[in-house]
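In our numbering, the protein residues as written are 15 to 220. A short write-up of the structure that comes next.
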Amino acid sequence: MLLCTLLVNLYVTAYSKKHIDERGSYSGETADCVIVLGASARTGKPSLILKDRLDLAYELYSQGYAKKILVSGDHMYEGYDEANAMKEYLLELGVPEQDIFMDHAGIDTYTTMKRAKEVFLVESCIISTQQYHLYRAVYIARRLGMDAAGIPCDVFISSKLPYFKAREYAARFKDFFYVHIIKPDVILGEELPIWGDGRITEDGLT
Numbered sequence: 015m016l017l018c019t020l021l022v023n024l025y026v027t028a029y030s031k032k033h034i035d036e037r038g039s040y041s042g043e044t045a046d047c048v049i050v051l052g053a054s055a056r057t058g059k060p061s062l063i064l065k066d067r068l069d070l071a072y073e074l075y076s077q078g079y080a081k082k083i084l085v086s087g088d089h090m091y092e093g094y095d096e097a098n099a100m101k102e103y104l105l106e107l108g109v110p111e112q113d114i115f116m117d118h119a120g121i122d123t124y125t126t127m128k129r130a131k132e133v134f135l136v137e138s139c140i141i142s143t144q145q146y147h148l149y150r151a152v153y154i155a156r157r158l159g160m161d162a163a164g165i166p167c168d169v170f171i172s173s174k175l176p177y178f179k180a181r182e183y184a185a186r187f188k189d190f191f192y193v194h195i196i197k198p199d200v201i202l203g204e205e206l207p208i209w210g211d212g213r214i215t216e217d218g219l220t
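Structural data, given as structure tokens:
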């Protein structure tokens, strides 16, 4: 099992590396959106890790590399809402409300990517997250049929980084089997095309 896990990690990392650019060096075509993967927002505000992801998304959007921003996070119980916290932060930066789509059901990376493809009809995207997470996110997105690139947003270095990296090692193995073998059911719902008006996602039912 350990050898299998190691091989899967090596494969996922090698596959994704060629689709990951350094911050400031991206020169690809304009994507449908930047996908911002959720992280802690327990005070109602984005954590430092999440702010890094949002700042990069704003940078790419402002430079014209993406037409929209899709923020995806956990809103599975009352009083905790990552997506709205992310949206409010982007609004403060000056992103127009109609260009921000919220996915309130992005409970994990696989679900976020599956819903991006099937609900928001994303064909091309740039993924904003930390380097350790980016290999898996890019791998899932591309294997689900999106033309996905990734850019690491690491500015704040968490003291929990060794824990995050260790957890990611297992998560890559899990999501490899999700993509290729298990293909778990994901709650989808009506289509909300990313080229439309993001305000349609305000009701929190997405």
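No residue lacks a Cβ here, since even glycine has one placed at the ideal position from N, Cα and C. The structure displayed is predicted, hence computed values, not measured ones.
- Counting C-beta pairs closer than 8 Å gives three or more between the region 155 to 172 and the region 135 to 142, which meets the contact rule.
- Your pair Val85 and Ala97 checks out as a contact, with CB atoms roughly 5 Å apart and the cut at 8 Å.
- Taken atom to atom, the span from the alpha-carbon of Tyr192 to that of Pro198 is near 6 Å.
- Per DSSP, reduced to three states, the secondary structure at Thr44 is coil, with no helix or strand assignment.
- Beyond the five residues adjoining it in sequence on each side, Val22 comes within less than 8 Å, by CB distance, of Arg186, Phe187, Phe190 in the same chain, given in chain order.
- Residue burial annotation: Leu20 is exposed, with fewer than 16 other C-beta atoms found within 10 angstroms of its C-beta.
- Here Val50 carries a strand assignment [DSSP, helix/strand/coil].
- Bridge pairing for Ser39: absent [DSSP].
- Looking at the backbone, the Cα of Asp117 and that of Gly210 are separated by about 14 Å.
- DSSP, read as helix, strand or coil, puts Val133 in coil.
- Given a length threshold of 3 residues, each whole run of the beta strand (DSSP E) inside the region 133 to 210 is given here in chain order: 138 to 143, 161 to 166.
- In this structure, DSSP gives Ala119 an extended state, which the three-state scheme calls strand.
- Here Ser61 carries a coil assignment [DSSP, helix/strand/coil].
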